[in-house]
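K.L.:
Here it is: the structure, laid out below.
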Amino acid sequence: MDTHGRRRTQGERDAVTVEIGYALCSAAFAAAVLFGAVAGPAYLFGLTGGVRSALVGAGVVFAVRVVSVLVRFARGGQPSQPGRTSPDS
Numbered sequence: 006m007d008t009h010g011r012r013r014t015q016g017e018r019d020a021v022t023v024e025i026g027y028a029l030c031s032a033a034f035a036a037a038v039l040f041g042a043v044a045g046p047a048y049l050f051g052l053t054g055g056v057r058s059a060l061v062g063a064g065v066v067f068a069v070r071v072v073s074v075l076v077r078f079a080r081g082g083q084p085s086q087p088g089r090t091s092p093d094s
């Protein structure tokens with residue numbers, strides 16, 4: 006039910022599904038681009054040693070963080086009632 010006490014139509018539910026799918030795909034794309042921006046110079050400029058490890062490590066940490074947020078979202082880690090922190094509030 007929406008804020009006006011009526012049920013959403015199938016078209017409205019479909020629109021929400023498409024928006025969520027677009028948000029997830031664009032977040033995954035952004036994570037890949039930013040990983041390339043952080044770790045790319047390590048390979049592009051032939052960096053070696055600690056600098057290369059730091060850049061690649063930072064890119065991996067960023068990508069893992071984005072994936073963990075997406076997985077938590079897919080599992081339903083969001084509140085059951087929008088705008089509230091718990092069902093009994």
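According to the numbering used here, the sequence shown is numbered sequentially starting from 6.
From the three backbone atoms N, C-alpha and C, an ideal C-beta is built for every residue, glycine too.
1. For Gly16, count neighbouring Cβ atoms within 10 angstroms of its own Cβ and tell me buried if that reaches 16, exposed if not.
2. Look at the Cβ atom of Ala28, then the Cβ atom of Val71, and state whether they are nearer than 8 Å.
3. Going by beta carbon distance, what residues of the same chain come within less than 7 Å of Ala4, once the five residues before and after it are set aside?
4. Are the beta-carbon atoms of Ala42 and Arg57 separated by less than 8 Å?
5. Who are the near neighbours of Phe75 in its chain, counting only those whose CB is closer than 8 Å to its CB and skipping five residues on each side?
P.N.:
Straight from the coordinates:
1. Exposure of Gly16 is indicated by the presence of fewer than 16 other C-beta atoms within 10 angstroms of its C-beta.
2. With contacts defined by Cβ atoms closer than 8 Å, Ala28 and Val71 do not form a contacting pair.
3. Lying before the first or after the last residue shown, residue 4 is absent from the chain, which here runs from 6 to 94.
4. No; because the gap between Cβ atoms is not below 8 Å, this pair is not in contact.
5. Sequence inspection shows Leu at residue 75; the Phe mentioned does not correspond to that position. Here the set comprises Leu29, Ala32, Ala33.
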